[in-house]
Each structure stands twice: as structure tokens, then as C-alpha cells.
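Novice:
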Amino acid sequence: MSDKPTPKKLKTAEDGNNVDDTTQEADMDSAIIELEMCHNELDKLNEKENEEVIAMDQKYKKLRQECYDKRSKIIEKIPDFWFTVFTGHPDLCNILTEEEEDCLHYLRKLEVDMADNNSGYCIKFYFRENPYFKNDFLVKEISYKQDKMASESTKIDWTKPQKKTPAKAPGKKRTREEPKSFFGWFSNNDDPANDKIAEIIKDDVWANTLQYYLPDPDMEGEDDSNESSEGEEGDETNGDKTAQASGDGTSSN
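In terms of the UniProt record's numbering, the sequence shown opens at residue 1 and continues consecutively.
1) State buried or exposed for Asp20, treating a residue as buried only when at least 16 other CB atoms are found within 10 Å of its CB.
2) In the DSSP assignment, find the unbroken alpha helix (DSSP H) run with Tyr212 in it and report its ends.
3) Can you list, in chain order, the residues of its chain whose CB lies under 8 Å from that of Arg108, leaving out five sequence neighbours each side?
4) Which residues bound the beta strand (DSSP E) around Lys148?
5) Could you tell me which of Glu52, Val112 and Asp43 sits nearest to Arg64, measuring between CA atoms?
6) Only counting the same chain, and skipping five residues up and downstream in sequence, which positions put a Cβ closer than 8 Å to that of Ala115?
7) Smallest Cα separation from Ile95: which of Ile74, Phe183, Asp27 and Tyr212?
8) Using only alpha-carbon positions, find the residue among Thr22, Lys62, Glu98 and Asp57 that is nearest to Lys180.
9) On the criterion of 16 or more Cβ atoms from any shown chain inside 10 Å, does Pro192 qualify as buried, or is it exposed?
10) From Leu214 to Thr87, what distance separates their C-alpha atoms?
11) Taking Asp204 as the reference, give the member of Leu42, Leu92 and Lys70 with the closest Cα.
12) By how many angstroms is the C-alpha of Lys59 removed from the C-alpha of Asp216?
13) How is Tyr68 classed by DSSP in three states: helix, strand or coil?
14) Out of Ile201, Trp158 and Asp190, which has the shortest C-alpha to C-alpha gap to Met149?
15) Tell me which same chain residues have a C-beta within less than 6 Å of the C-beta of Lys172, skipping the five on either side of it?
16) Would the beta-carbon of Trp185 fall within 8 Å of that of Ile197?
17) Under 6 Å Cβ to Cβ from Thr154, same chain only, skipping five residues before and after it: list those, please.
18) With a threshold of 16 other CB atoms inside 10 Å of the CB of Val53, please say whether the residue is buried or exposed.
19) Taking the DSSP output, what are the residues bridged to Lys145?
20) DSSP state of Leu96, grouped into three classes?
21) In angstroms with no decimal places, state the Cα-to-Cα distance between Lys62 and Lys124.
22) Enumerate in chain order the residues of its own chain whose CB-to-CB distance from Asn130 is below 6 Å, with the five nearest sequence positions on each side excluded.
What follows is the structure in C-alpha cells.
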């Protein structure tokens, strides 16, 4: 008897293989459709999350602004508040000239306005009438334009002519330099991406205003300690002088 499969058996086997292949393809197509539906659901969840995050951010931004407005009204009742804050900040005090310190006595209000979607921020200085310039307020705005940071500031209408910084030699690459004065920083818009002073005012001074108005308790402790040690040294010196005087008197007898 021959072991060779009959044509009928071969046809049956081929039909079975075709059925298996068709079923597998159908299962794969079904799985891909389910996978696409799952990813569509994830996309919708991400969109919903972004919408809720934006709504939540706007909600708390509004609440914070109400608190900042309330704080500003309270601050205006305190004489020389912003003068004390700026001259008490370890970084800002180093760029203030004597005239600028005096000018800050007229600074009555500071505002930092954060733009939506992290597109930039705006620093506003409000002044009372003063002998230095005619502006009621000065604004420095830092924003993102065409994927680059840009900076603009109000032109200061000085009552007296100001000394101008010598221009750089043609062709010489401009490098970021530490500001030599507060208003020098304000008027310089060359390199907003590395504007440390603006960042300090936005992130530190505006957020931690009271910290730089109130005296540092650690510094007060150091002052008290120094005064105490100086007093002790003085007592020891006086004691030595008294002992010496007593010794001189004894030897003379």
C-alpha cells in the first residue's frame, strides 16, 4: 500500500492552512483596531488633563493676583518699604549707587505680571514725584518671540542728563557684563536670556517680599554676640588696668 497522500487529502490540508492564515490576519486586524481605540482614549485623557491643568492654573493665578493686590495696598501704608527690600537684598544692594538708593525712597509700588502659557513676564515700578525723572512708572518686559527671548524697557525721562557708557568697538563681540547700576540694568536689553537681576526680582523679591523687609534674626544674633564679646573684652581690659594700678600702688608702698 502506498504512503503517498491522495489529491483529496492534499486539498483538505491546503484548505486548513488557508483558514488558519485568514483567522490570524483577522485577529491581527481586530487587535490593531482595539489598539488604535485605546490610543485615541489616551489622547482624549491627555487633552482633558491639559484643559483641567490650564483651568486650575488660571484659577489659582486669579486667587494669587487678588492676594498680591491686597498686599500692595498694605505695603503702600509702610514708609520706605521697597527701599528697605532692595537695599536689604544681598544681590540687589550691590548694584545700587548712592543716587539710586535715594531714588528708591520714591518707589511706592512694585508689580510682577506673569503672562499666560509661560510666554514671559513684566516688571513694573511705580514712583512718586521725584527729582530724578518725570516718569510715573517704569516697565521692563521680557517675552518669548520666535523661540527667542526679547526684552524691552521704558525710556527714562531724566530731569538731568545722564552719563553714557562708551560704545564698543565695531566688530567686537558683545558679552554679558554685570550691571554697574540699577538703572543701567533696567535700560540694558542686550541679553534677556541671562538677565539675573530680572530673575531675582521675579522669583525672589516678588515672592519673598517680607523676608527682605524684616531684619535677619541670625544677623541680629551675630550683632548681639559681637556687642557682648566687645563688652567682655572691655571689661577684661578695664580689669587689667585696675589690677595694674593696684599693683603699682602696692609696689610704691
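All residues carry an ideal CB built from backbone N, CA and C; glycine is no exception.
Values in this document were obtained by computation on a predicted structure and should not be read as measured data.
Specialist: The relevant details are as follows:
1) exposed
2) Thr209 to Tyr213
3) Glu76, Trp82, Tyr126, Phe127 and Arg128
4) Boundaries of the beta strand (DSSP E) harbouring Lys148: Lys148 to Ser153, taken from the DSSP string.
5) The candidate whose alpha carbon is nearest that of Arg64 is Val112.
6) Correct list, in chain order: Tyr121, Cys122 and Ser143.
7) Phe183
8) Glu98
9) Burial state of Pro192 is buried, judged by a 10 Å Cβ sphere holding 16 or more other Cβ atoms.
10) Going by the C-alpha atoms only, they are around 12 Å apart.
11) With distances taken between CA atoms, Asp204 lies nearest to Leu92 out of Leu42, Leu92 and Lys70.
12) 34 Å
13) Three-state result, Tyr68: helix.
14) Asp190
15) Confidence in Lys172 is poor, its pLDDT being 45 and thus under 50, which makes the residue's placement too unreliable to answer from.
16) yes
17) Leu138 and Val139
18) exposed
19) Lys148
20) coil
21) Each residue's alpha carbon lies about 18 Å from the other.
22) Tyr106
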